[in-house]
Amino acid sequence: MRVLGDSFKYLFYVLGFILLLVIISEINSYFASFVRDTYRVFPWVIYSTLMYMPIGIYLGIPKLIKEFTKVGKWRVNVLKIIFVGFPMLYLSFYWYLPIPVFLINPDSLFSFGTIIAGYILVDSFNKEERFFS
């Protein structure tokens, strides 16, 4: 019976992920038409970069749910956020960096860096279990 419950849990997780991808695609289409109609690029640049962060956050949700079941005090791994999360987010804004185009593939760096930054943000929260003797 537990297998059936786990199957539904995974099914809802996958359906939620597909729904998230559809929503991000719709938002992307809206902003693309907004830029095409108004020629105002600036807000679109920031939104298009940060639009992929919810994917990373969503991928980290199962680990965060497991952390909620633990007993202990919440800890934030600030070093992970600073040394992994921020550089990934920084690299997501590659068009501001003085890096030659032939050294990077802009499309993959653009989306993967933001997805990784979102995952690192969620993954940095954990509970420290203390065992008393």
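For the sequence shown, the positions run 112 to 244 when this note's numbering is used.
Note that the Cβ used here is the ideal one computed from N, Cα and C, for glycine as well.
Worksheet item: If you draw a straight line from the alpha carbon of Ile-166 to that of Lys-181, how long is it in whole angstroms?
Response: As a first step, residue 166 is located in the sequence shown; it is residue number 55 there, counting from the start. As a first step, residue 181 is located in the sequence shown; it is residue number 70 there, counting from the start. When rounded, the separation of the alpha-carbon atoms in Ile-166 and Lys-181 is 25 Å.
Worksheet item: Do the stretch 182-202 and the stretch 225-243 make contact, defined as three or more Cβ pairs closer than 8 Å?
Response: Verdict: yes, contact present.
Worksheet item: By how many angstroms is the C-alpha of Glu-240 removed from the C-alpha of Phe-142?
Response: Start at 1 with the first residue of the sequence shown, and residue 142 comes out as number 31. Start at 1 with the first residue of the sequence shown, and residue 240 comes out as number 129. One Cα belongs to Phe-142, the other to Glu-240, and the distance between them is close to 45 Å.
Worksheet entry | Glu-240, DSSP secondary structure in three states | Position 129 of the sequence shown, counted from the start, is the residue given in the question as residue 240. DSSP places Glu-240 in coil when its eight states are reduced to three.
Fill in: Integer Cβ distance of Tyr-158 from Phe-128, believed to fall under 8 Å
The sequence position of residue 158 within the sequence shown is 47, counting from 1. The sequence position of residue 128 within the sequence shown is 17, counting from 1. Wrong, their Cβ atoms sit about 21 Å apart, outside the cutoff.
Discussion item. I'd like to check one pair, Met-199 with Gly-171: are the Cβ atoms closer than 8 Å?
Written reply: In the sequence shown, the residue the question calls residue 171 occupies position 60. In the sequence shown, the residue the question calls residue 199 occupies position 88. Not closer than 8 Å, so no.
Discussion item. Can you tell me whether Lys-181 is helix, strand or coil according to DSSP?
Written reply: On the sequence shown, position 70 is the one that residue 181 refers to. Three-state result, Lys-181: coil.
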